[in-house]
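Everything below concerns the one structure shown next.
Protein chains in written order, with my numbering: chain B, 30 to 254; chain S, 2 to 293.
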C-alpha cells in the first residue's frame, strides 16, 4: 500500500526525514513511533502530499506521489482518510455536516450521503449527536467525529497523527480500540503515529520507530522503546 | 451551487461591516459608470437630433416667390458641389405651417403672421460639418438669395464634447473599477486568511480549487449585484427627480423620461459589470492563497 525508497525531506538545513525505506502492505495496522521531532508527522504529511519530498520515492497504491499533478491531487486525497491530534473540525457546522464533508466536496448530493454518514456516525457511537456542534462535545467525542469523517468516504488508507495526544488515557484507549474495529471491519490500512507507549505496548502490532528522521527499528510485533 | 451561495450569504452575515464597505465602494463605482453611460447616451441622442436637422437655411427675399426654374437651378448647382446630403425647398406656405406649429400656444403671434410675411427658403444638410462654411459661401453668392444662416459646426462641437465625455468617463470609471477591485480583493482576502485552517482542511479531504473558490467568488458577485441595484436605483431616482429641469431643456430633442427598456438595459449592464469585478476580485483573492 505504501512503499518508500530513500525518502528524504528537509526543512532548510534540518533533515526531517532521511533516507527512509519501508513497505506497508495493504490491510496492515502500523504504529509509527518516536519522540517529538522524529519525523512521524512529516511522514504522514508526505503521504497526504501536504508536503513534497526532496529526494527518494514514495508510492501509495502503486502511484508515485511526487508525480501527481495539482489537478489530480484532490482525487488522490479522496482515497485517504486522516485523523489529527487537534481534530480539525469546523466549528460552524454540526456533527453530521462535519462527518459529511469529504462526501460534500466530492459533489455527492445530500440525499445520497445521508446513509453513509449515519453508518459512520453509528460506527463511532455518535449516532444520537448528529445535530450537536463541536463546542458541545468532549475531547473523546470530537476525536470520534474526526474518525467518522475520516472513514465516511471508505478510504483505502487511514492516517492517524497523534489521535490520542489531547485525550485522557481512558479515552485514548477507547479511540485506539475504535481504530482497531474500523481496521478489522473495513479492512483499511491504518498508519497511526503516536508517542504514547502505553497504547503501543497494549497491543501486538507492527511498530516502526523513527528518530531524527531515520527508521531505527521496524519490528512486526514491537514494543515502544 | 445553492450550497456555495448559502455559504457566501452566511459569511456576509457574519462580517456585516466588511460587506458594507465592499458594497459601498461597489455602489459608488457603478453609480459613476451608470452616470457616465447616461450622459454619453443623452449626448448621443442630442447629437443625432442635430445631425438630422437642416444645417444651412438660405432665405429668398421676403417679397419674392422663386420660380421652379430658379429653385431647380440653385439645387442642381448645390448638388454639383457634391458636399450636400439633403436639399429641401421650403415655400412661404410651408414656412407658415412650421411657424404655426412652433407657436401653437400663442394665438396673438398666429394671427399677426401670414404666408406673405415669411420668406421662402432652401434647407441644406451637408455631408460633413467641414463643408458647412463652403456651402454657406456658395449660397451667399447666389443672386436670388438674400440671407444665409447656418449653425457653424454645432455637430462638430458636439461630437468633440461627446468624445471628451467618453474619454473622461472611461478614465474615471476605469480608475474607480480598479479601486473597487482592490477593495474586494482586500475584503475577500481577509476572509480567506481568516479561514486558512478551514481551507487547508478542505484541501486535505480532497476539495478541488473550484469548490474552495466558489463561495468567495459568489461573495464578490453578491457585492457586485447589490452595488449594481443600489447604483441603478439612485440613478433612476435622480433622473425622475430632475425631470422638470430636463424637460424644459430637452423637449423634442430626446425622449424623456427614458424608456423602462432602456433603464432595464442599464440595470443589466451595471449588474454585469458589478458581478464581473466582484467575482474576479473574489477569484483572485482565493487563487493567491491557494497558490501558496
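All residues carry an ideal CB built from backbone N, CA and C; glycine is no exception.
Classification of residue 192/S by the beta-carbon crowding that lies within 10 angstroms, buried from 16 upward: buried
Option nearest residue 216/B by Cα separation, candidates 194/B, 192/B, 187/B: 187/B
Given 8 Å, three or more beta-carbon pairs between the stretch 84–99 of chain B and the stretch 162–180 of chain B: The stretch 84–99 of chain B makes no contact with the stretch 162–180 of chain B; the number of CB pairs closer than 8 Å stays below 3.
Positions along the stretch 96–107 of chain B whose CB lies within less than 9 Å of some CB in chain S: 99, 100, 102, 103, 104, 105, 106, 107
Cβ of residue 131/B within 8 Å of any chain S Cβ: It does: the Cβ of residue 131/B has a partner Cβ on chain S nearer than 8 Å.
Under the three-state DSSP convention, the category residue 321/S falls into: The structure shown does not extend to residue 321/S, since chain S is modelled only from 2 through 293, so no value can be given for it.
Inter-residue CB distance, residue 185/B and residue 41/B (contact presumed, cutoff 8 Å): In fact, because the Cβ distance is near 33 Å, the residues do not count as touching under 8 Å.
Closest by C-alpha distance to residue 34/B, when choosing among 177/B, 70/B, 83/B: 83/B
Cβ pair residue 223/B, residue 60/B closer than 8 Å: yes
Residue 14/S versus residue 250/S: straight-line alpha-carbon distance, rounded: 46 Å
Straight-line Cα distance separating residue 293/S from residue 247/S: Near 55 Å, if we compare the C-alpha coordinates of residue 293/S and residue 247/S.
Members of the stretch 200–229 of chain S that neighbour chain B once the beta carbon cut-off is set at 7 Å: Listed by position, the residues of the stretch 200–229 of chain S near chain B (Cβ gap below 7 Å) are 202, 203, 205, 206, 207, 208, 209, 212.
Cβ separation of residue 46/B and residue 71/B, assumed to be a contact under 8 Å, to the nearest whole Å: 5 Å
Cβ-Cβ distance between residue 200/S and residue 279/S below 8 Å: no
Nearest candidate by alpha-carbon position, reference residue 74/B, set 210/B, 220/B, 58/B: The shortest CA-to-CA distance from residue 74/B to any of 210/B, 220/B, 58/B is the one to 220/B.
Proximity below 8 Å, CB of residue 132/B to CB of residue 153/B: no
Interfacial residues, the stretch 206–221 of chain B to chain S, with Cβ spacing under 8 Å: none
Contact set between residue 10/B and chain S, taken where Cβ atoms lie within less than 9 Å: Residue 10/B is absent from the model: chain B starts at 30 and stops at 254.
Interface residues of the stretch 134–151 of chain B facing chain S [CB-CB below 9 Å]: Listed in chain order, the positions of the stretch 134–151 of chain B with a beta carbon within less than 9 Å of a beta carbon of chain S are 134, 135, 136, 139.
Members of the stretch 151–177 of chain B that neighbour chain S once the beta carbon cut-off is set at 9 Å: none
6 Å CB neighbourhood of residue 43/B in its chain, flanking five on each side removed: none
Chain S within 8 Å of residue 88/B, Cβ atoms only: no
CB contact check: residue 117/B to chain S, cutoff 8 Å: yes
Alpha carbon of residue 24/S to alpha carbon of residue 228/S, nearest angstrom: 5 Å
For residue 79/B, the nearest candidate out of 206/S, 36/S, 211/S, 282/S (CA to CA): 206/S
Same chain only: Cβ atoms within 6 Å of residue 40/S, ignoring 5 sequence neighbours per side: Within the same chain, Cβ atoms closer than 6 Å to the Cβ of residue 40/S are found at 166, the five residues on either side in sequence being excluded.
Residue 177/S, buried or exposed, once every other Cβ within 10 Å from all chains shown has been counted against 16: buried
N-terminal and C-terminal residue of the beta strand (DSSP E) that residue 2/S is part of: That residue, residue 2/S, is in no beta strand (DSSP E); it is neither H nor E in DSSP.
Segment contact flag, the stretch 100–108 of chain S with the stretch 131–147 of chain S, C-beta cutoff 8 Å, min 3 pairs: Verdict: no, contact absent.
Residue 104/S, DSSP secondary structure in three states: coil
Buried/exposed call for residue 27/S, threshold 16 Cβ in 10 Å: buried
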